[in-house]
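Student:
Residue numbers (the working numbering): 385 to 649.
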């Protein structure tokens, strides 16, 4: 069967750096990263646009087996464009099914530096942070081992209960390939769920089923700043919201929906 016009398929094999903390399936960050890689490299994207939003949905457990991505433009346009991608895994019957999907809005760029501003507060930079934090202390998996995590107390919350985190990695999304700023951010921003946790992961599971990132500015540099907080509802559902930064200032915001369950179930 031929591919729909404009659709591309790529094949990948995950490494140990994709291993997650919740069981025998990948951490949420690598699927988000490889889907963004597919979105950013879909044929037919004009250079006059940039990505302003990426929405990732985790449709099922993402295994440690060969993965395939397919991407296509679903809403062409000169000012606004939408591109969508799927991450496929082979099931027990030999059929390829989607285990995650993503969609990105891209918009034509125009110089607006005279009116540039952000509602997000400034935060201390990575040079003021120290190595470590709850991800190192409370989690143990191949993905967490692949990133550098630093943290510092939130200066706006002197009780010390909230910390700001700066993360970076030297691991490429695809071996031998380059990584742009949006892909790089999407390879790490899923950790907001962990660094913003309000529950003890030894007692509670709080697995996110999605990741939505809005970017008012394209991120630059090796450090990504995350100021995240989780809210837990009364019925087993929660959400994590995070302000996102690079060393030059705020770049956007992320949201994640959480499935909250006791670890014993």
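We treat Cβ as the ideally placed atom computed from N, Cα and C, and that holds for glycine.
Residue 580 and residue 624 look like a contact to me (Cβ under 8 angstroms); what is the Cβ gap, rounded to whole Å?
Tutor: The Cβ separation is near 5 angstroms, so the contact holds.
Student: Can you confirm whether the region 452-460 touches the region 418-429 when touching is taken to mean that 3 or more C-beta pairs between the two stretches lie within less than 8 angstroms?
Tutor: Cβ pair count under 8 angstroms is three or more, so yes.
Student: Taking the alpha carbon of residue 404 as the point to measure from, which residue in 626, 612, 597 and 414 has its own alpha carbon closest?
Tutor: That would be 414, whose Cα lies nearest to the Cα of residue 404.
Student: With a threshold of 8 angstroms, are at least 3 pairs of Cβ atoms found where one atom belongs to the region 461-469 and the other to the region 486-502?
Tutor: The answer is yes - the region 486-502 touches the region 461-469, with three or more Cβ pairs under 8 angstroms.
Student: For residue 455, which three-state DSSP category applies?
Tutor: Strand at residue 455.
Student: Comparing alpha-carbon positions, which option in 576, 525 and 593 lies nearest residue 408?
Tutor: The shortest Cα separation from residue 408 among 576, 525 and 593 belongs to 525.
Student: Classify residue 385 as helix, strand or coil using the three-state DSSP reduction.
Tutor: Confidence is the limiting factor: at residue 385 the pLDDT is only 37, short of 50, which leaves the residue's position unreliable, though a coordinate-based value still follows. DSSP places residue 385 in coil when its eight states are reduced to three.
Student: Residues in its own chain within less than 7 angstroms of residue 449 by CB, not counting five upstream and five downstream?
Tutor: Result list for residue 449: 473 and 474, in chain order.
Student: Which of helix, strand or coil does DSSP assign to residue 570?
Tutor: Reduced to three states, the DSSP call for residue 570 is helix.
Student: If you reduce the DSSP assignment to three classes, tell me which class residue 627 lands in.
Tutor: In the structure shown, residue 627 sits in a strand (DSSP, three-state: E or B).
Student: Between residue 484 and the rest of its own chain, which residues show a CB-CB distance below 7 angstroms, the 5 nearest in sequence each way excluded?
Tutor: If we look at residue 484 and ignore the five residues flanking it on each side, its Cβ neighbours are 415, 419, 440, 441, 442, 443, 446 and 471.
Student: Strictly by DSSP, which residues pair up with residue 535?
Tutor: According to DSSP, which records beta bridges pairwise, residue 535 is partnered with 514 and 549.
Student: Can you list, in chain order, the residues of its chain whose CB lies under 8 angstroms from that of residue 558, leaving out five sequence neighbours each side?
Tutor: Result list for residue 558: 396, 418 and 421, in chain order.
Student: Can you have a look at residue 597 and say buried or exposed, based on whether 16 or more other CB atoms are within 10 angstroms of its CB?
Tutor: Its Cβ being crowded by 16 or more others within 10 Å, residue 597 is buried.
Student: Is there contact here, the region 535-544 with the region 564-572, by at least three beta-carbon pairs under 8 angstroms?
Tutor: Counting Cβ pairs under 8 angstroms, fewer than three are found: no touch.
Student: Evaluate residue 615 with the Cβ neighbour count: other Cβ atoms within 10 Å of its Cβ, from every protein chain shown; 16 or more gives buried, anything less gives exposed.
Tutor: Under this definition residue 615 is an exposed residue.
Student: Pull the bridge partners of residue 646 from the DSSP assignment, please.
Tutor: 588.
Student: I'd like to know whether the C-beta atoms of residue 607 and residue 630 end up nearer to each other than 8 angstroms.
Tutor: Contact flag set, yes.
Student: Excluding the 5 residues preceding and the 5 following residue 587 in the sequence, name in chain order all residues of the same chain whose CB lies nearer than 8 angstroms to its CB.
Tutor: For residue 587, where only same-chain residues beyond five positions count, the Cβ hits under 8 angstroms are 646 and 647.
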